[in-house]
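Throughout the sequence shown, residue numbering follows my numbering, covering 888 to 1147 in sequence.
As structure tokens, the structure follows; a few thoughts come after it.
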Amino acid sequence: MSLGRKQNISNDAWLEAVAAIEQTVPREELDALTASTVEDIRATTEGERTAYAWSGGKDSVVLAKVCEMAGVTDSMIGVCNLEYPAFMAWVEANKPEGCEIINTGQDLEWLSKHPEMLFPQDSKTAAQWFSIVQHRAQRLYFKAHKLDSIILGRRRADGNYVGRKSNIYTDGKGITRFSPLSDWSHEHILAFIHYHQLPLPPIYGWANGYLCGTHPWPARQWTGGEENGWREVYNIDKSVVITAADYLPGARAYLEVAGK
């Protein structure tokens, strides 16, 4: 049974898919898809100056391995000052060799002035986080390194835009984005991670890890409201909420009501 669209999949369903992945995707099927994708990357980027965007998420760890198979070794990651400490420690220990970390600067002071960005309850606000962190970092890297294209791990199964009748497009700011994993299913991603024994960040072991994916902590989705958002973040890393209480009244209120 296919997992379907990401937005409709429970975290338990993800975990069940991980446990049964060898029955769902045989190694031979995955290897054939991988070989085809590697060839697509080589053919599409031949003679170009290119790099890949790495986020530490499940799609990007697959992308990194596939890009390296295709001979693309330069990479970058966009972060801000609102990342989970455990995630950043994992990034430092596991990022691809030579991966450039670009920090777009958002911090608690910034968040206190943009409270509407805390724990997005709609897709529009969630998309704004990608715009101000990942997309901006990609644009800065693209321009600084004079790239012809940047390779992303976007997939149609996640509802991501990858291009019109294609898996490559150029946006209004002149950034050409290429998504070679565009037609990979969720199961293919999980199978690649399994068969190649790729490490995943601690986020996937936290509550709703597969549902939320990698994200700065205030960009955490599916919380059902601010108070529960603080509760979920506190259960992941209480130091984040304690520090945030100096800037955000919701964090202070949660700690007081919860008697923390």
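The beta-carbon is built from N, C-alpha and C at its ideal position, and this holds for glycine as well.
Computed from a predicted model, the values in this text were never measured in an experiment.
Judged by DSSP secondary structure, Ile989 falls outside any alpha helix (DSSP H) and instead within the beta strand (DSSP E) spanning Glu987 to Asn990. Leaving aside the five residues that flank Cys986 on each side, the residues in its chain whose CB is nearer than 8 Å to its CB run, in chain order, Trp941, Ser962, Met963 and Ile964. The count of Cβ pairs closer than 8 Å, one atom from the segment 1094–1110 and one from the segment 970–990, reaches three, so the stretches are in contact. Residues of the same chain with a CB within less than 8 Å of the CB of Ala1145, apart from the 5 flanking positions on each side, are Arg1118 and Tyr1121 in chain order. In this structure, DSSP gives Ser947 a helical state, which the three-state scheme calls helix. DSSP places Gly1137 in the helix class (H, G or I) of the three-state scheme.
By the criterion of at least three beta-carbon pairs nearer than 8 Å, the segment 929–946 is in contact with the segment 1021–1029. Here His1022 is buried: its Cβ has 16 or more other Cβ atoms, across all protein chains shown, within 10 Å. Counting C-beta pairs closer than 8 Å gives three or more between the segment 993–1006 and the segment 1127–1147, which meets the contact rule.
For the pair Leu890 and Ala900, the CB atoms are nearer than the 8 Å cut-off. The continuous beta strand (DSSP E) containing Tyr1056 extends over residues Ile1055 to Thr1057.
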